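Worksheet for the structure shown next.
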Amino acid sequence: MFKINRKLKELKHNGERISLAIIGCGKMGASLINQLGDIDAIEVSLVVEHTPEKAKIALVDSGISEDKIINTDSYDEAYEALNKGFVVVSSNYRLAYKLLQITAVIDATGNPPFGAEIAAKSIQYHKHFITLNVECDAVVGPILYDMAKKAGVVYTGIAGDEPGSIIELCDFAYGIGLEILVAAKGKNNPLDNYANAEILKDEAEKKGLSPRMLTSFVDGTNTMIELNSVCNCLGFLPDTFGCHGIPTSPEKAVEDFKLKEDGGVLSSYKTVEFSPGMSPGVFLIVTSDKKEVRDLMKFLGFGDGPNYLLNRPYHLTSLETPITIYNAVMENEPTIAPLHGQVADTVSVAKRDIKKGEYLDGIGSDKVFGKLTDHTRSIKEDLLPIALITKNTKAIVDIPKDTVIDLSMIELDEEETITKLRRRQNSMKL
513 MFKINRKLKE
523 LKHNGERISL
533 AIIGCGKMGA
543 SLINQLGDID
553 AIEVSLVVEH
563 TPEKAKIALV
573 DSGISEDKII
583 NTDSYDEAYE
593 ALNKGFVVVS
603 SNYRLAYKLL
613 QITAVIDATG
623 NPPFGAEIAA
633 KSIQYHKHFI
643 TLNVECDAVV
653 GPILYDMAKK
663 AGVVYTGIAG
673 DEPGSIIELC
683 DFAYGIGLEI
693 LVAAKGKNNP
703 LDNYANAEIL
713 KDEAEKKGLS
723 PRMLTSFVDG
733 TNTMIELNSV
743 CNCLGFLPDT
753 FGCHGIPTSP
763 EKAVEDFKLK
773 EDGGVLSSYK
783 TVEFSPGMSP
793 GVFLIVTSDK
803 KEVRDLMKFL
813 GFGDGPNYLL
823 NRPYHLTSLE
833 TPITIYNAVM
843 ENEPTIAPLH
853 GQVADTVSVA
863 KRDIKKGEYL
873 DGIGSDKVFG
883 KLTDHTRSIK
893 EDLLPIALIT
903 KNTKAIVDIP
913 KDTVIDLSMI
923 ELDEEETITK
933 LRRRQNSMKL
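Using my numbering, you'd call the opening residue of the sequence shown number 513 and step up by one each time.
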């Protein structure tokens with residue numbers, strides 16, 4: 513009972529702590545820093561941010577006195593500052609994995625190429641790695657997870673983001689002996705695959721998001737990537753290219769998520785889905801073949817069966833990350849990790865005509881959006897995972913609108929860590 517709270521109080525009582533490096537101080541990073549100010553024995557020791565003032569504001573808002581914050585890019589200065597009880601703000605991301613005092617590194621950037629670099633290095637330096645960067649996880653998570661196991665550290669996604677929330681619900685369902693048929697999330701924005709930052713600029717400003725980030729939500733790429741990570745954890749697959757996106761409600765979900773032969777739209781179970789009618793939560797369709805279980809579920813108000821809805825109508829994003837931090841560092845347990853390897857891929861589709869020589873820009877751009885498919889198809893057709901696109905990814909042929917882009921159409925940046933990791937992951941068949 514109250515295990516996390518109790519264990520952290522014990523840790524504090526014993527004069528011990530979990531020392532964190534947080535990389536990125538946008539909406540998610542800043543809210544996490546604020547939340548950690550109220551939690552025993554988990555301390556922010558280093559914030560890496562290219563705009564130091566943002567990091568300083570977040571730290572002060574969390575309750576840290578401004579005179580206890582040191583801004584430096586020097587390893588020696590940072591090391592001494594931490595030993596004296598200061599918190600360090602830096603633009604030097606290498607400090608996160610090099611500083612001996614750091615227990616775990618948290619990636620709050622949402623930048624796949626950068627995320628791959630800091631994940632690989634942190635694991636090499638034997639730091640637990642906690643990632644809010646689901647974009648990176650969806651494309652090279654399996655090899656990072658493999659590296660972490662070999663290094664004796666934890667690689668994990670977070671509680672609070674929809675993939676982690678789905679897996680927590682799955683953990684509950686599996687733990688009580690139910691069979692999971694569908695793992696799904698709500699979609700918070702109306703789907704428009706062709707949305708772009710210019711159209712969404714005003715709305716993004718109102719929501720306190722970058723136009724590029726909001727674009728990735730509206731065009732469906734973020735949903736695909738999140739479900740991608742769920743697939744890699746559970747071994748589930750999308751029922752169709754890009755999923756169905758079934759409109760539903762808590763009252764109708766069991767009926768709507770049936771097989772075609774039973775009057776629904778699904779061709780098979782063990783699948784992932786999204787629904788615009790179930791935001792901002794996550795949900796499962798589960799079943800049991802036990803008569804007494806079905807009788808009790810009916811008695812409890814879950815319907816006649818044999819399928820039932822388990823619905824969690826919220827997720828608190830980075831505010832739930834402390835749960836992951838505790839489990840990773842104290843229990844050596846990930847919240848969500850690619851246990852089944854790369855079973856699915858979020859591949860690139862052209863939003864508009866792309867001319868030979870143009871750079872693709874990637875997630876949240878006006879050039880491409882992502883669609884979820886199975887990894888077998890992705891490899892067979894040599895398709896381009898959208899999170900592999902970097903600033904140097906260039907079209908080498910004209911690519912018409914709505915083309916599912918394959919690697920023969922583009923030039924990847926082979927010097928990027930994320931490209932090297934993906935090549936190695938594919939060769940290892942992870």
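We treat Cβ as the ideally placed atom computed from N, Cα and C, and that holds for glycine. Quantities reported herein were computed from a predicted structural model and do not represent experimental measurements.
Residue from the options with nearest C-alpha to residue i
i	options	result
D585	K610, D714, L571, V666	K610
V859	I875, K868, K867, E845	I875
C743	G817, H525, F769, H852	H852
I582	T902, P675, K568	K568
N904	G869, L771, D910	G869
D806	G813, V798, G817	The question names Asp, but residue 806 in the sequence shown is Arg. Residue G817 is the option with its Cα nearest to R806.
T621	V559, T615, D588	V559
L532	D894, V841, F748, K803	V841
P825	N844, L808, M809, G789	G789
A849	V880, F786, G689, E738	E738
T847	L607, C682, N517	C682
L693	M736, D801, A590	D801
L896	G669, F729, R935, S791	R935
Helix, strand or coil at residue i according to DSSP, with G and I counted as helix
i	result
A907	strand
A533	strand
A856	strand
H640	strand
T885	strand
T621	coil
R864	coil
S741	helix
F514	coil
I797	strand
N583	strand
F786	strand
D673	coil
L607	helix
D918	strand
K697	strand
A685	helix
A567	helix
E928	coil
S830	helix
T727	helix
E923	strand
S779	coil
L821	strand
Y591	helix
P897	strand
Environment of residue i [buried if 16+ CB atoms lie within 10 Å]
i	result
I891	exposed
E674	buried
G538	buried
T563	exposed
N943	An answer regarding residue 943 cannot be provided, because it is not within the stretch 513 to 942 covered by the chain.
N740	buried
V556	buried
F514	exposed
S939	exposed
V861	buried
P750	buried
H638	exposed
P702	exposed
Cutoff 8 Å; reference residue i; Cβ partners in own chain excluding five residues on either side
i	result
A553	L520, K521, L523, K524, E528, R529, I530
V572	E578, I581
T931	L900, T902, L924, D925
Residues near residue i by beta carbon distance below 7 Å, same chain, minus five either side
i	result
N823	P762, G793, F795
I635	F641, L656, M659, A660, A663, V665, Y667
M540	A620, L644, T829, S830
I678	A695, K697, V742, V794
Residue i CB to nearest heavy atom of the ligand NAD below 8 Å
i	result
A685	This structure lacks the ligand NAD, and indeed carries no ligand of any kind.
6 Å Cβ shell around residue i - same chain, five flanking residues per side excluded
i	result
H887	Q854, V855, A856, D857
N819	V766, I797, T799
A993	The displayed coordinates of the chain run from 513 to 942. Any statement about residue 993 would go beyond what the structure contains.
N487	The requested residue 487 does not occur in the structure, where the chain is confined to residues 513 to 942.
T733	I875, F881, G882
With contact counted as at least three CB pairs below 8 Å, one residue from each stretch, are the stretch 913-927 and the stretch 763-781 in contact?
no
Can we say the stretch 628-639 touches the stretch 584-600, given the rule of at least three CB pairs closer than 8 Å?
no
Are the stretch 831-846 and the stretch 648-656 touching, with three or more C-beta to C-beta distances below 8 Å?
no
Determine contact between the stretch 731-747 and the stretch 919-931, defined as no fewer than three beta-carbon pairs at a distance below 8 Å.
no
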